[in-house]
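The structure under discussion appears below in the form of C-alpha cells.
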Amino acid sequence: MTSPALPALSLDELTAQRDQALRDYEALVERGLSLDLTRGKPSARQLDLSGGLLALPTGHTAADGTDCRNYGGLQGLPELREIFSGPLQVPAAQLVAADNSSLSLMHDSIVHALLGTVPGAERRWADEPRIAFLCPVPGYDRHFALCERFGIEMIPVPMDDQGPDMDVVERLVLADPQIKGIWCVPKYSNPSGVSYGDETVRRLAAMPTAAPDFRIFWDNAYAVHHLTDTPVEIADILALCAENGHPDRVFVYASTSKVTFAGSGVSFFGSSPANVAWLLGNTAKRTIGPDKINHLRHVQFLRDEKGLAEHMRRHRELIRPKFDAVDAILTKELGGSGLATWSTPRGGYFISLDVLEGCARRVVSRAAEAGIALTPAGATHPYGDDPRDSTIRIAPTYPELDEVELAISGLATCVRLVGIEKLLEQAGQAG
Numbered sequence: 047m048t049s050p051a052l053p054a055l056s057l058d059e060l061t062a063q064r065d066q067a068l069r070d071y072e073a074l075v076e077r078g079l080s081l082d083l084t085r086g087k088p089s090a091r092q093l094d095l096s097g098g099l100l101a102l103p104t105g106h107t108a109a110d111g112t113d114c115r116n117y118g119g120l121q122g123l124p125e126l127r128e129i130f131s132g133p134l135q136v137p138a139a140q141l142v143a144a145d146n147s148s149l150s151l152m153h154d155s156i157v158h159a160l161l162g163t164v165p166g167a168e169r170r171w172a173d174e175p176r177i178a179f180l181c182p183v184p185g186y187d188r189h190f191a192l193c194e195r196f197g198i199e200m201i202p203v204p205m206d207d208q209g210p211d212m213d214v215v216e217r218l219v220l221a222d223p224q225i226k227g228i229w230c231v232p233k234y235s236n237p238s239g240v241s242y243g244d245e246t247v248r249r250l251a252a253m254p255t256a257a258p259d260f261r262i263f264w265d266n267a268y269a270v271h272h273l274t275d276t277p278v279e280i281a282d283i284l285a286l287c288a289e290n291g292h293p294d295r296v297f298v299y300a301s302t303s304k305v306t307f308a309g310s311g312v313s314f315f316g317s318s319p320a321n322v323a324w325l326l327g328n329t330a331k332r333t334i335g336p337d338k339i340n341h342l343r344h345v346q347f348l349r350d351e352k353g354l355a356e357h358m359r360r361h362r363e364l365i366r367p368k369f370d371a372v373d374a375i376l377t378k379e380l381g382g383s384g385l386a387t388w389s390t391p392r393g394g395y396f397i398s399l400d401v402l403e404g405c406a407r408r409v410v411s412r413a414a415e416a417g418i419a420l421t422p423a424g425a426t427h428p429y430g431d432d433p434r435d436s437t438i439r440i441a442p443t444y445p446e447l448d449e450v451e452l453a454i455s456g457l458a459t460c461v462r463l464v465g466i467e468k469l470l471e472q473a474g475q476a477g
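In this text, residue positions in the sequence shown follow the numbering used here: the first is 47, and each later residue adds one.
Printed below as a string of C-alpha cells:
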C-alpha cells in the first residue's frame, strides 16, 4: 500500500467537512451498534461446513492398522500428513501432525530451544546473554506475545509487497549472533495479505547468519485459505534451505483451525529430519501421542488433497463477499479522500487499513464509542507500538455480511472524522 495522497483543501473546506463528519458520527453513535471485528475467527456458517466431523470417525483403525484409541503414534497418522504434505510443501515423512493448536507448537519450539539445544546450536538459548527475533511489520500479535512471554527482544523489519525487506534482514542477521529467529507468515500475511515473492524466499534460505542456530518460524497459517480461483503459490522454503546448505533453518507451522473446527483441529510442524527428531524427542517427554481419533476423523472427512481443496472452496464462497464488501465500502466512502489506504488480499483472513499518521488509536477509540470493536491499534507491531500510529487490522470473517457492511461503513465515518480533525490541527499549527 502507498501512503494516502491528500487533496489540497482550504481551511474553510476542511472545517465544513469536519462539521459534516461530526454530524455523521453523532448519528452513528445514536444507532447503538454492537459489532465485533477484533479477531479472525471463522463464522458459525463456516463451522457448519465441518458438521460432518461430529459423526466421525466410523471405526477406530488407521490405514496401517493402528488402533487410534491407544497410545503411540507421536508423529501423527501418515494418511493425514499425506493430505497436507502438498499444500504445506513438506514431505509427509518430515511432517508432524499434533493436536489442535499451531501456536502451541510454536510455543513449545521456543521452550525446547531455551531448555535444550536445537540442531546446530552451540548452547541452549537460555544460556545466551540475549535472544532477539526479527519481526516483519505489520505482523501477528500472538507471535509478538510469545516473544514477550520469554523475554525475547523483538526487532521490527518493514514489509513491502514481496515480504520483509531483505536488505534489512540480511544485514541484521549477519551482524548479530544473538538474532536467533524471524517470524514469517509467508502466504496472505496477517494482516496485510502479502505473499512472499520467490526471490524473498530464496534469500531467506540462502543468507549467511551470524547465529549457527538461526531459525525461520514459517507460520503458513493461510496456506489453503484462498479468496480467488487462482491460488497464490510461494517458493518451497524447506527445499531451498536444503539446497543452500541450511537444511535445519526452517520450522514450518500450520493447522486446520480455520479449515474445520477452530478449537478441535489438527496442527502441523514440518522441517528437516534432524529438526523433526529434535521436536519429537522433546515432545515425547510431555505426551505419549496426539489425539489420533481426531486425526482419523479429519482423514475421513477431508479424504485427500482434492477433498481439502473442495472444502476450502466452500469456505471461500462464504467469506469472499465479506472481503468484497469491505473494499467496496472503503472505496465509496474513502476512495480519493487521501485519508486512508487499504490492502486487497487474495487470501487469508485480514485486511490492513492505513490511516493518516497519528490517527489509528483515535480511530479505534471513536469506533469503540460507536459500538464497533476493532483489534487495538498497535497490535500489528512489537510491544503494541506502531511508531506511525497508522495501521488498523480489519477481521471481516466472523460477523454476518450485513454486520460487516454496517461495521465498515461506521469505521469509514470514524476514519473521516479523525482524519479531517488531524488535518485541521495541522493547518492550525501551520497558520
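For each residue, glycine too, the CB sits at the ideal point set by N, CA and C.
Residue environment analysis places residue 391 among the buried positions, since at least 16 neighbouring C-beta atoms fall within 10 angstroms of its C-beta.
Taking C-beta separations shorter than 6 angstroms and ignoring five residues to either side along the sequence, the partners of residue 345 in its chain run 125 and 126, following chain order. Residue environment analysis places residue 78 among the exposed positions, since fewer than 16 neighbouring C-beta atoms fall within 10 angstroms of its C-beta.
Per DSSP, residue 334 lies in no alpha helix (DSSP H) and is assigned neither H nor E. Restricting attention to 441, 114, 138 and 155, the CA atom closest to the CA of residue 296 is found in 155. By the criterion of a C-beta distance shorter than 7 angstroms, residue 343 is surrounded in its chain by 99, 102 and 103, once the five residues flanking it on both sides are discounted.
With a cut-off of 8 angstroms on Cβ pairs, the stretch 250 to 268 is in contact with the stretch 225 to 232, counting three or more such pairs.
Using a Cβ distance threshold of 8 angstroms, residue 212 and residue 255 do not count as a contacting pair.
By the beta-carbon neighbour count (other beta carbons within 10 angstroms, threshold 16), residue 341 is buried.
For residue 132, the enclosing alpha helix (DSSP H) stretches over residues 124 to 134.
Nearest neighbour of residue 287 by Cα position, chosen from 70, 321 and 82, turns out to be 321. In this model, residue 274 and residue 178 are separated by some 37 angstroms (Cα to Cα).
A contact between stretches requires three or more CB pairs, one per stretch, nearer than 8 angstroms, and the stretch 379 to 399 fails this requirement with the stretch 139 to 152. Following the DSSP letters along the chain, one finds residue 213 inside the alpha helix (DSSP H) bounded by residues 212 to 221.
Secondary-structure assignment with DSSP links residue 265 through a beta bridge to 299. By the neighbour-count criterion, in which 16 or more other beta carbons inside 10 Å mark a residue as buried, residue 377 falls on the exposed side.
Counting C-beta pairs closer than 8 angstroms gives three or more between the stretch 455 to 467 and the stretch 67 to 75, which meets the contact rule. Per the C-alpha coordinates, the member of 242, 303, 307 and 292 positioned closest to residue 278 is 242. Bridge pairing for residue 439: 398 [DSSP]. Its chain contains 237, 396, 398, 421, 425 and 426 as the residues whose beta carbon lies nearer than 7 angstroms to that of residue 439, once the 5 sequence neighbours on both sides are disregarded; these appear in chain order. Comparing C-alpha distances from residue 64 to each of 464, 258 and 372 shows the shortest one belongs to 464. Look at the beta carbons and you see the stretch 170 to 190 touching the stretch 198 to 206: at least three pairs across the two are nearer than 8 angstroms. Checking the DSSP bridge columns, you'll see residue 467 has no partner listed. Annotation: the continuous alpha helix (DSSP H) that includes residue 352 extends over 351 to 380. Around the beta carbon of residue 449, a 10 Å sphere encloses 16 or more other beta carbons of the protein chains shown; the residue is thus reported as buried.
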